[in-house]
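With the numbering used here applied, the sequence shown covers 13 to 224.
We treat Cβ as the ideally placed atom computed from N, Cα and C, and that holds for glycine.
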Amino acid sequence: MANRILSYFWRGCLVLAPVVGTLYIGWLLISTVDRLIPIGIPGLGLVVTVGIVTLVGFLTSNVVGKAVVRSMENALTRVPLLKLLYTSIRDLINAFVGDKKRFDRPVAVAFTESARALGFVTRETLHGLHLPGHVAVYFPQSYNFAGNLLIVPKELVEPLDVHPTDMMAFIVSGGVSGLGIGSHGESMPPSMPPDRPTDQKTLIGHQGPGER
């Protein structure tokens, strides 16, 4: 019982930490701007902060701004620890809102003749892994801020005509929201594509952790 309570506590920490951290950083930034502005107008710090962020985005959209950003990135990536932190955060943000979005191709992967896992193709070519004919598919976990990345044969991946935002909400919520929810909250089963045979050896070789 004690172990279960402790596991719930740590799970709560994992859920709340990113939210609280984001809110704290936002509050800290806005409060700092408020203190720097000698005009005591409520909400002025928020307006100025949004304006500064937007201005930075505008300035870095031209050739000169991009050159400045590249110089800054080169300086940061020379330090090993800063390189790891900066590139990880940058790539994660770009995956969702950047020009090189990664989570915009929802697919269904056929692991058996009748069961499919929902995810997103994040990389088409895997030359560095020497796995021709394979793609990288990310599987978000329900009710969690984590997921599994599996390398699967292309023929097992089936593109879905679904908006990426709806797919992410559907997976993260455990199928409770996002797709095919009726007027009274009941789940409406999506149409199932025809079954395709799957080689058992391929299935065993590409199972994720904890699925065996």
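Query, Result
"Determine the contact status of P165 and R117, defining contact as a CB-CB distance below 8 Å.", "no"
"Check whether the region 142 to 156 touches the region 174 to 184, counting contact only when three or more Cβ pairs, one atom from each stretch, lie closer than 8 Å.", "yes"
"Rounded to the nearest angstrom, what separates L97 and V62 at their Cα positions?", "24 Å"
"Answer with buried or exposed for R47, where buried requires no fewer than 16 other C-beta atoms within 10 angstroms of its C-beta.", "exposed"
"Jot down the residue ranges of each uninterrupted alpha helix (DSSP H) in the region 26 to 75, minimum 4 residues, whole runs only, in chain order.", "56 to 71"
"Please report how far the alpha carbon of G57 lies from the alpha carbon of I49, in whole angstroms.", "8 Å"
"Rounded to a whole number of angstroms, what is the C-alpha to C-alpha distance between P144 and I163?", "11 Å"
"Tell me which residue opens and which closes the alpha helix (DSSP H) that D181 is part of.", "What sits at residue 181 in the sequence shown is Ala, not Asp. P176 to V184 is the extent of the alpha helix (DSSP H) around A181."
"Run through the DSSP bridge pairs and tell me what F132 is partnered with.", "P118 and Y150"
"Measuring alpha carbon to alpha carbon, tell me which of A148, L138 and A29 ends up nearest F115.", "A148"
"Label A120 either buried or exposed according to how many other C-beta atoms from any shown protein chain fall within 10 Å of its C-beta, with 16 as the threshold for buried.", "buried"
"Tell me the DSSP bridge mates of P144?", "Paired residues: none, contrary to the question."
"Do we get a CB-CB distance below 8 Å when we pair W39 with the residues of chain C?", "Considering every chain present, this structure includes no chain C. It has just one protein chain."
"With 16 other CB atoms within 10 Å as the buried threshold, where does V133 fall?", "buried"
"Measuring only the C-alpha atoms, how far is F21 from R135?", "35 Å"
"May I have the straight-line CA-CA distance separating N86 from V45, to the nearest angstrom?", "28 Å"
"DSSP three-state label for V91, please.", "coil"
"Between T99, H142 and V169, which has its C-alpha nearest A127's C-alpha?", "V169"
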